[in-house]
Amino acid sequence: MHDRKVVRRRRAVLGLLVGCALILLTAYFGEGSGGGLHAIQRGALAVFSPVQSVASDALKPFRDLFGWFDDSFDAKGENEDLRKEVQGLRTDVADASERLRLSAQLEAIDELISSRGLDDTKPVNAEVTIVSPVIWYSTVNINRGSGDGISVGDPVLNADGLVGRVVTTVGNASRVRLITDADSGVTARTKDEVLGIVQTGTPGDPNDLLLQRIPRGDVPKVGDMVMTAGIESRRFSSYFPPRIPIGEVSEVDLDELDTSQQVHIKPYADLRDLDVVTVLTGSDAGAAETSP
Amino acid sequence: MTTVNGQLVLRLVVLAFVTVLLQLMFFAQVPVFGAIADVSPLVVMAVGLLCGSVAGASMGFSIGLLIDTALLQTMGLTSLVLIAVGYYAGRLRDLRDPQGTLAPIVLGAAAAAIATIGYGTAQFLLGAEQPLSWALISATLSTIVLDALIALPVVALVRRWLTPVLPEDPRRRRRRAYTTGGLSPLQRA
Chain A
4 MHDRKVVRRR RAVLGLLVGC ALILLTAYFG EGSGGGLHAI QRGALAVFSP
54 VQSVASDALK PFRDLFGWFD DSFDAKGENE DLRKEVQGLR TDVADASERL
104 RLSAQLEAID ELISSRGLDD TKPVNAEVTI VSPVIWYSTV NINRGSGDGI
154 SVGDPVLNAD GLVGRVVTTV GNASRVRLIT DADSGVTART KDEVLGIVQT
204 GTPGDPNDLL LQRIPRGDVP KVGDMVMTAG IESRRFSSYF PPRIPIGEVS
254 EVDLDELDTS QQVHIKPYAD LRDLDVVTVL TGSDAGAAET SP
Chain B
21 MTTVNGQLVL RLVVLAFVTV LLQLMFFAQV PVFGAIADVS PLVVMAVGLL
71 CGSVAGASMG FSIGLLIDTA LLQTMGLTSL VLIAVGYYAG RLRDLRDPQG
121 TLAPIVLGAA AAAIATIGYG TAQFLLGAEQ PLSWALISAT LSTIVLDALI
171 ALPVVALVRR WLTPVLPEDP RRRRRRAYTT GGLSPLQRA
């Protein structure tokens with residue numbers, strides 16, 4: 004008799020919990036981004052952001068310690084690659100400087116950029132407090148928000164290049180969608196003016212992005228730098244000012260280029276190891292042009 | 021089924037918050053050979069093994085809800101997956117009461133597998149437009165292996181935290197008597 008009561012109670016609790024989870028799931032999908040559950044999440048983000056910030060600072064020495072062990076293993080292999088990369092970059096810089104000096108067209112583009120006020124973007128530095136551990140969500144939370152002048156859509160960079168853009172912001176915290184997220188898309192071009200859209204490549208591999216929708220006939224080369232185009236495509240609004248470095252072309256498969264019009268890119272920014280980022284709060288780059 | 025008391029509930033609440041904080045601010049940011057440990061299914065599994073299926077499922081729901089809220093993810097999805105982990109760990113305790121030294125490793129791997137594969141499957145069912153790739157499989161497998169490796173200390177820590185407030189369990193008392201030199205009923209006879 005007692006056993007039956009226990010079994011009934013156990014099943015009732017299980018059913019209740021599963022029911023609650025399913026109701027939450029359904030309600031979350033059913034409501035818009037201004038709905039109650041989304042508001043609860045934003046409220047929780049605002050309330051717990053100070054706690055997250057303090058806890059993140061407290062745990063930083065331990066993260067750094069573990070990171071040091073991991074980095075030490077990687078450093079040996081990376082050293083050789085980096086030497087080769089530096090040599091290549093020196094050549095690239097010399098070539099680029101020469102072309103920049105000679106090319107009146109590039110000077111005109113620089114003037115155009117200056118005239119559009121992109122030099123006046125107001126950068127806000129922020130620390131990364133939370134990194135999504137789930138492969139499916141490539142997002143990070145940062146400890147600066149609308150109170151610091153950040154708004155939804157602002158581009159986020161680090162010292163290496165483009166990181167992502169702000170998708171949610173409250174007074175003292177924001178959520179940044181990385182360029183590796185499935186819902187992210189960045190209109191981009193190579194230094195040879197090959198246009199495309201940078202999208203996530205292989206889920207779980209932050210070092211593999213795709214430059215897609217490359218016009219037929221254009222063939223990017225391995226090692227070409229890919230940077231933001233600052234124009235709008237039919238599918239994605241451009242939240243990014245032009246000429247922010249994104250990465251370099253890492254693989255060009257001519258069959259894949261022919262059939263899928265895409266090549267692979269390795270991002271410059273190490274998106275698995277973000278510590279400090281900068282948000283460009285005053286940019287409004289994408290309104291002027293529309294891609295073909 | 022373990023009787024729930026106030027102190028146990030308090031310790032479970034503290035455990036849930038600490039688990040989520042550590043998961044998001046430490047483990048998620050410290051890749052080990054490229055893999056990221058996920059301690060939440062391990063803690064839920066440990067609670068299920070120690071406190072039973074109801075407490076395990078409730079812990080799974082709570083931790084999942086906290087993670088989804090903190091990360092602004094689809095609410096209810098992580099809860100659904102972790103409820104399964106906690107409930108089946110609790111049922112395993114009720115039916116078999118696994119006590120082997122290496123049991124946490126095997127169960128940790130199983131819990132991580134249920135959590136990661138279950139979450140991935142749910143994502144596909146909800147319409148994630150991502151191809152099933154080798155990198156995805158590799159990331160999933162490496163998380164399962166890493167979780168299996170850290171399951172032993174995680175379960176030990178959870179046991180250490182909860183044991184003082186767990187109600188006396190006849191099976192536990194019997195085991196303690198054997199392992200500390202007490203006579204078994206057969207020897208006494």
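Chains as they are written, first to last, in the working numbering: chain A, 4 to 295; chain B, 21 to 209.
Note that beta-carbon positions come from the ideal geometry of N, C-alpha and C, so glycine has one too.
Being a predicted model, the structure only gives us computed values, none of them experimental.
### Query
Do the CB positions of residue 125/B and residue 172/B come within less than 8 Å of each other?
Judged by beta-carbon spacing, residue 172/B lies within the 8 Å limit of residue 125/B, meaning their Cβ atoms are closer than that value.
### Task
Note the first and the last residue of the continuous beta strand (DSSP E) segment covering residue 155/B.
Where residue 155/B is concerned, there is no enclosing beta strand (DSSP E), although the alpha helix (DSSP H) it sits in stretches over 154-182.
### Where residue 264/A falls: helix, strand or coil (DSSP)
If DSSP states are grouped into helix, strand and coil, residue 264/A belongs with coil.
### Task
Would you check if the stretch 193-201 of chain A and the stretch 214-229 of chain A touch, i.e. whether three or more CB-CB distances between them fall below 8 Å?
Flag = yes, the stretch 214-229 of chain A and the stretch 193-201 of chain A touch.
### Contact set between residue 96/B and chain A, taken where Cβ atoms lie within less than 7 Å
Neighbours of residue 96/B on chain A, chain order: 24, 25, 27, 28, 31.
#### Entry: One or two residues paired with residue 95/B in a DSSP bridge
In DSSP, residue 95/B forms no bridge with anything.
### Task
Could you please tell me which residues of the stretch 103-119 of chain B, in chain order, have their CB closer than 8 Å to any CB of chain A?
Those residues of the stretch 103-119 of chain B that come within reach of chain A (Cβ to Cβ, closer than 8 Å) are 103, 107.
#### Entry: Bridge partner(s) assigned by DSSP for residue 251/A
When DSSP reads this structure, residue 251/A sits in a beta bridge with 228/A, 269/A.
### Message
Could you pull the DSSP bridge partners for residue 176/A from this structure?
### Response
Among the bridge pairs identified by DSSP, residue 176/A is matched with 173/A.
#### Entry: Under 8 Å between C-beta atoms of residue 214/A and residue 199/A
Against a cut-off of 8 Å, the Cβ pair of residue 199/A and residue 214/A comes out as a contact.
### Task
Could you tell me whether the Cβ of residue 205/A comes closer than 8 Å to any Cβ of chain B?
Yes, because at least one Cβ of chain B sits closer than 8 Å to the Cβ of residue 205/A.
### Query
Thinking just about the alpha-carbon of each residue, which of 48/B, 49/B, 61/B is nearest to the one in residue 100/B?
Ranked by Cα distance from residue 100/B, the first of 48/B, 49/B, 61/B is 61/B.
### Task
Indicate whether at least one CB of chain A lies closer than 8 Å to the CB of residue 51/B.
Cβ-Cβ to chain A under 8 Å: yes for residue 51/B.
### Query
Does the pairing of the stretch 11-19 of chain A with the stretch 46-59 of chain B give three or more beta-carbon distances under 8 Å?
These segments do not touch.
### Query
Does the beta-carbon distance from residue 175/A to residue 152/A come in below 8 Å?
Their beta carbons are not under 8 Å apart, which means residue 175/A does not touch residue 152/A by this criterion.
### Neighbouring residues, chain A, relative to residue 74/B (Cβ below 8 Å)
Residues of chain A with a Cβ closer than 8 Å to the Cβ of residue 74/B are, in chain order, 12, 13, 16, 17.
#### Entry: Separation of residue 80/B from residue 37/B, as counted between CA atoms
Their Cα atoms are separated by approximately 12 Å.
### Task
Excluding the 5 residues preceding and the 5 following residue 164/A in the sequence, name in chain order all residues of the same chain whose CB lies nearer than 6 Å to its CB.
Within the same chain, residue 164/A has close Cβ partners 248, 249, 271, 272.
### Message
On the criterion of 16 or more Cβ atoms from any shown chain inside 10 Å, does residue 137/B qualify as buried, or is it exposed?
### Response
Around the beta-carbon of residue 137/B, fewer than 16 other beta-carbon atoms lie within 10 Å, marking it exposed.
### Task
State the DSSP-derived secondary structure class of residue 25/A, mapped to helix, strand or coil.
If DSSP states are grouped into helix, strand and coil, residue 25/A belongs with the helices.
### Task
Note down, in chain order, every chain B residue with its Cβ under 8 Å from the Cβ of residue 168/A.
Around residue 168/A, no beta-carbon contact reaches into chain B at under 8 Å, the shortest distance being about 15 Å.
### Query
Closer than 8 Å, CB to CB, is residue 77/B near chain A or not?
Chain A, which has a Cβ nearer than 8 Å to the Cβ of residue 77/B, makes this yes.
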